[in-house]
Amino acid sequence: MDSQARYVIDKCGGPKAVATMLGIKLASVYKWTYPKERGGTNGLIPSTHQGELLNRARAAGIELTPDDFFQFAEIVAPAEAPPFSTAGGVS
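Mapping to UniProt numbering: the sequence shown position 78 is 78, numbers consecutive.
This is the structure in structure tokens:
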């Protein structure tokens, strides 16, 4: 699997199953797997659908967990913060 969306969609039984679970258009589910240049979400399931998908998948007996949405997350180092300054009279 190369993206969160593909992994979760496959785990839930495919695009049609996910669209049915959520009551959305099949094309919307496919867009989750497309790059932004093609009108997609770069392989990410929109957060507005994640909770409902978790609940509906569990109700259908599918072992979907919150971790399934994060296993493809890119670890990004925090930006280097400037050092603290005590100048300026703030105590």
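The beta carbon of each residue, even a glycine, is placed where N, CA and C say it ideally should be.
Quantities reported herein were computed from a predicted structural model and do not represent experimental measurements.
Asked, Found
"Can you look up Phe69 in the DSSP assignment and give me helix, strand or coil?", "helix"
"So Ser28 and Phe72 are in contact, right, with Cβ under 8 Å, and what is the actual spacing, rounded?", "At roughly 20 Å, the Cβ-Cβ gap does not stay under 8 Å, so Ser28 and Phe72 are not in contact."
"Helix, strand or coil: how does DSSP classify Ser3 here?", "coil"
"Quick one: residues in its chain with C-beta nearer than 6 Å to the C-beta of Cys12, no 5 flanking neighbours on either side, listed in chain order?", "Val18, Ala57 and Ile62"
"Looking at the secondary structure, which residues open and close the alpha helix (DSSP H) in which Tyr30 lies?", "Leu26 to Lys31"
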